[in-house]
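Read through the structure below, which is laid out as structure tokens, and then see the notes.
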Amino acid sequence: ALIIFSSRGKLYEFGSAGTSKTLERYQRCCYTSPDSNAANRDTQNWYQEMSKLKAKFESLQRSQRHLLGEDLGPLSVKELQQLERQLESALSQARQRKTQMMLDQMEELRKKERHLGELNKQLKEQLEAEDATFRALQGSWCPDGT
6 ALIIFSSRGK LYEFGSAGTS KTLERYQRCC YTSPDSNAAN RDTQNWYQEM
56 SKLKAKFESL QRSQRHLLGE DLGPLSVKEL QQLERQLESA LSQARQRKTQ
106 MMLDQMEELR KKERHLGELN KQLKEQLEAE DATFRALQGS WCPDGT
């Protein structure tokens with residue numbers, strides 16, 4: 006469609022079967038409020054953001070299924086090898102973390118053992134001292150040793 010307007014904004018010349026639709030679109034574009042244009046842009050931006058997030062979500066779901074060993078049929082050999090490397094790396098990290106946690110627990114148990122050993126030693130010494138005091142008192146009550 007070709008539309009020509011005069012400098013005063015009057016329709017000068019046109020030629021098209023769909024002129025009315027073209028004029029409608031022109032008027033909507035030129036005469037709508039800036040707020041509605043901004044709202045339309047915001048709506049479009051949110052729609053685009055939603056589409057991106059939806060695609061990312063679907064990609065993450067697909068990756069999760071692959072990591073769980075599901076839906077592996079469409080993967081190529083190269084993709085399967087990459088998945089295998091990822092799984093081996095994750096397994097290695099999990100084992101390292103488990104080993105570190107076990108070593109930390111062993112160290113804590115050793116500290117606890119040393120502490121309890123020291124406490125046991127102190128209690129034995131205290132018991133021996135009290136026993137010696139008791140025997141001395143008993144000896145003073147019964148001078149004949151019975």
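Sequential numbering from 6 applies to the sequence shown in the working numbering.
The C-beta atom is built at its ideal place from N, Cα and C for all residues, glycine as well.
### Task
Note the first and the last residue of the continuous alpha helix (DSSP H) segment covering Ser-96.
Your numbering for residue 96 matches position 91 in the sequence shown. Here residue 96 turns out to be Leu, not Ser, going by the sequence shown. 82-146 is the span of the alpha helix (DSSP H), which, as asked, contains Leu-96.
### Task
May I ask you to report which of helix, strand or coil DSSP gives Leu-65?
Stepping through the sequence shown from its first residue, residue 65 is reached at position 60. DSSP, read as helix, strand or coil, puts Leu-65 in helix.
### Message
Tell me the rounded alpha-carbon separation between Asn-50 and Lys-57.
### Response
For the purposes of this step, residue 50 is taken as the residue at position 45 of the sequence shown. For the purposes of this step, residue 57 is taken as the residue at position 52 of the sequence shown. For Asn-50 and Lys-57, the distance between alpha carbons rounds to 11 Å.
### Task
Assign His-120 to buried or exposed, taking buried as 16 or more other Cβ atoms, counted over all protein chains shown, within 10 Å of its Cβ.
Sequence index remark: in the sequence shown, residue 120 carries index 115 (1-based). Exposed: under 16 other Cβ atoms inside 10 Å.
### Message
So, with DSSP's three-state summary, where would you put Leu-28?
### Response
Within the sequence shown, residue 28 is the residue found at index 23, counting from 1. DSSP places Leu-28 in the helix class (H, G or I) of the three-state scheme.
### Query
Is DSSP giving Asp-76 helix, strand or coil here?
Within the sequence shown, residue 76 is the residue found at index 71, counting from 1. In the structure shown, Asp-76 sits in coil (DSSP, three-state: anything other than H, G, I, E or B).
### Task
Mind the definition here: the stretch 112-131 touches the stretch 90-101 only if three or more C-beta pairs lie below 8 Å; say whether that holds.
The stretch 112-131 vs the stretch 90-101: no contact.
### Query
Out of curiosity, what's the CA-to-CA distance linking Thr-27 and Cys-35?
Here residue 27 is taken as the residue at index 22 of the sequence shown, counted from 1. Here residue 35 is taken as the residue at index 30 of the sequence shown, counted from 1. Near 12 Å, if we compare the C-alpha coordinates of Cys-35 and Thr-27.
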